[in-house]
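Novice: Numbering-wise (full-length UniProt numbering), the sequence shown opens with residue 1 and increments by one. Don't be surprised by glycine CBs; every beta carbon is placed ideally from N, CA and C.
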Amino acid sequence: MFRDIIDFVKKPNNEKIAIIDIETTDLKPENGGLIIEIGIVELDLITGATKILFDSLIKELSFGDAHRNAWIFNNSDLKFEDFKNAPSLNNVKNQIQEILDNYSLTAYNTSFDFGFMESRGFVIKKDIPDIMAVAKEACKIMRSRGGYKIPKMQEAWDNLFPSTNYIEKHRAVDDAIHEAKM
1 MFRDIIDFVK KPNNEKIAII DIETTDLKPE NGGLIIEIGI VELDLITGAT KILFDSLIKE
61 LSFGDAHRNA WIFNNSDLKF EDFKNAPSLN NVKNQIQEIL DNYSLTAYNT SFDFGFMESR
121 GFVIKKDIPD IMAVAKEACK IMRSRGGYKI PKMQEAWDNL FPSTNYIEKH RAVDDAIHEA
181 KM
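(1) What's the C-alpha gap between N91 and F114?
(2) How long is the line joining the alpha carbons of I141 and V134, rounded to whole angstroms?
(3) Specify the secondary structure class of S76 as computed by DSSP and reduced to three states.
(4) Using the DSSP secondary-structure output, state which residues sit across from M142 in a beta bridge.
(5) Please identify the residue among L34, A156, I19 whose C-alpha is closest to the C-alpha of D65.
(6) Would you be able to state if there are at least three C-beta pairs under 8 Å between the segment 46–63 and the segment 71–91?
(7) Take L78 and list the residues in its own chain whose beta-carbon comes closer than 6 Å to its own, dropping the five residues that flank it on each side.
(8) Tell me, to the nearest whole angstrom, how far the beta carbon of Y108 is from that of D55; I am working on the premise that it is less than 8 Å.
(9) Quick one: give me the first and last residue of the beta strand (DSSP E) that A107 is part of.
Structure (structure tokens):
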């Protein structure tokens, strides 16, 4: 179970954690959504340094013409044709699981990223807070009906780093690097 953020900051389990970000063809695996890119970045909690652990396009077995008009292809620099020679998820599954086994892992919206990964058989330790939940408390962006809203990644970035010109690329490893900085 996720630990409280205050407890985590006071006593992290490790000096290094990993942040995962995935890109998909749909928001839900049960709607036929496929993982098309996985990025995993190590974050050194002492220095703030990041290191890319995994960065690859992924081609699941059922990927095909039905996915040509997926949202991701109109909102990133990813192109349907980029996946012609992408490795299959099965070919990189052991490499990814080894990383997951060796790190405490988080994401910006763990229910999305972890949900997709677990639906593909990955086992994930859930012992550190979701970056999105932390961003909600850090940003304190009010909803019109009261209370704080859950910020999208770009909203959180703009709130925490207002003097930068970063635009979310919707590319797994780039997003993971920026999520680590949050």
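Specialist: According to the structure shown:
(1) Here residue 91 refers to the residue found at position 91 when the sequence shown is read from its first residue. Here residue 114 refers to the residue found at position 114 when the sequence shown is read from its first residue. When rounded, the distance between both Cα atoms is 19 Å.
(2) On the sequence shown, position 141 is the one that residue 141 refers to. On the sequence shown, position 134 is the one that residue 134 refers to. Our two residues, I141 and V134, have alpha carbons roughly 12 Å apart in a direct line.
(3) Walking along the sequence shown from the start, residue 76 turns up at place 76. When DSSP states are grouped into helix, strand and coil, S76 belongs to the coil group.
(4) Within the sequence shown, the letter at position 142 stands for residue 142. As a beta-bridge residue in DSSP terms, M142 pairs with Y148.
(5) For this step, residue 65 is matched to residue 65 along the sequence shown. Of the candidates L34, A156, I19, the residue whose Cα lies closest to the Cα of D65 is L34.
(6) Per the Cβ contact rule, the segment 71–91 is in contact with the segment 46–63 (3 or more Cβ pairs under 8 Å).
(7) Numbered from 1 along the sequence shown, position 78 holds the residue referred to as residue 78. Excluding positions up to five away in sequence, the list reads I72.
(8) Mapped onto the sequence shown, residue 108 falls at position 108. Mapped onto the sequence shown, residue 55 falls at position 55. Cβ atoms of Y108 and D55 stay farther apart than 8 Å, at about 17 Å.
(9) By 1-based counting over the sequence shown, the position of residue 107 is 107. Neither: A107 is in no beta strand (DSSP E) and is coded neither H nor E.
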